[in-house]
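Notes follow once the structure below has been shown.
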Amino acid sequence: MGEIRLQFFYVNLIVVVILAYANAVTDPEIVPRSAWHARPAKQADPIISPVPYVVIHHTFNPPACNTTEECLSAMRWMQDFHQFNRTWWDIGYNFAVGGDGKVYEGRGWFTIGAHAPRYNSISMGISLIGDWTASLPPERQLAAAHKLIAMGVREGHIAEDYHLVGHRQVREGTECPGEVLYEEIKKWPHYDPHPDYVDLLKKKKGDGSKATPPDEHNRLQKGTAPFISKLL
Ligand SMILES: [Zn+2]
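Be aware that the sequence shown starts at 19, since it is given in our numbering, and climbs by one per residue.
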């Protein structure tokens, strides 16, 4: 009896080790805030997990980062821009994915982002650093985004039956995440085709939709030149 139990224990142990190894190889490398010298958030609201949505963005600016050094500085640039120009509490995204294949921690898994009005408290905002209007991010950047989402589901931050959308689908007047990346995410698991405000606007101009409340999470890009705002 004791021997059987012992065998059972070893089999379980092997399974646990294999699973831990599998997770270790499938999880993306996450670069913590401290590594990019993030300033503390001015304020932070906890998010209720698991969230039902994943919203994909591109940063448009700064442009693509191909080395870790460039990605670290892109993160600092974005935090400056979001905290000072936009007067948000912190960098807007929950995570940003670099062209170096690493994931950079923004607000992280536990905090409400400022990236998609009306969807901030029910989504993870994941931005692929760069302008993906006319070209596709490198394969390792796309792979890291997939790994991050899988990790979020496995760890209970993202609902198993989540909906994946591009920013333009949940916010009028933006082309984010860029035309080429948007076409790409249409092929991703859990992509939800509804709605697409860019398409809707093309069909129905000036539909006088309701203004969003001007709180930290919902503030639109006030003061940003319209042509820039349209792309973020
Ligand atoms: Zn966006």
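Every residue, glycine too, gets a C-beta built ideally from N, C-alpha and C.
To the nearest angstrom, how far is the alpha carbon of residue i from that of residue j?
i: V121; j: Y111; result: 12 Å
i: T44; j: L166; result: 9 Å
i: A168; j: P207; result: 10 Å
i: D210; j: A59; result: 31 Å
i: Q187; j: P155; result: 20 Å
i: E123; j: A134; result: 18 Å
i: D3; j: E190; result: An answer regarding residue 3 cannot be provided, because it is not within the stretch 19 to 250 covered by the chain.
i: G116; j: S67; result: 25 Å
i: E87; j: L160; result: 19 Å
i: K205; j: Q101; result: 34 Å
i: H164; j: F128; result: 19 Å
i: C194; j: F99; result: 17 Å
i: S153; j: Y200; result: 11 Å
i: D179; j: A92; result: 32 Å
i: R51; j: N138; result: 20 Å
i: V198; j: C83; result: 17 Å
Since I believe residue j is in contact with residue i (beta carbons under 8 Å), could you give me their beta-carbon distance rounded to a whole number of angstroms?
i: D118; j: T85; result: 6 Å
i: R57; j: Q97; result: 6 Å
i: W95; j: P80; result: 5 Å
Going by CA-CA distance only, name the one from the options that's closest to residue i.
i: D63; options: H185, N79 and G126; result: G126
i: A132; options: E87, L199, P213 and Q61; result: Q61
i: H181; options: H212, L199, E157 and A82; result: H212
i: L146; options: A56, E202, R136 and R57; result: E202
i: P46; options: R158, I109, V198 and K205; result: R158
i: I109; options: S153, C83 and H55; result: H55
Verify whether the separation of the beta carbon atoms of residue i and residue j is less than 8 Å.
i: V69; j: A177; result: yes
i: I130; j: I65; result: yes
i: A53; j: L90; result: yes
i: T151; j: G196; result: yes
Handout entry: Stretch-stretch touch, CB-based, cutoff 8 Å, three pairs: the stretch 170-184 with the stretch 91-106
Key = no
Practice task
Spell out a yes or no on whether the stretch 133-148 and the stretch 55-74 are touching, meaning 3 or more CB-CB pairs, one atom from each, closer than 8 Å.
Solution key: The stretch 133-148 makes contact with the stretch 55-74, as at least three CB pairs between them are under 8 Å.
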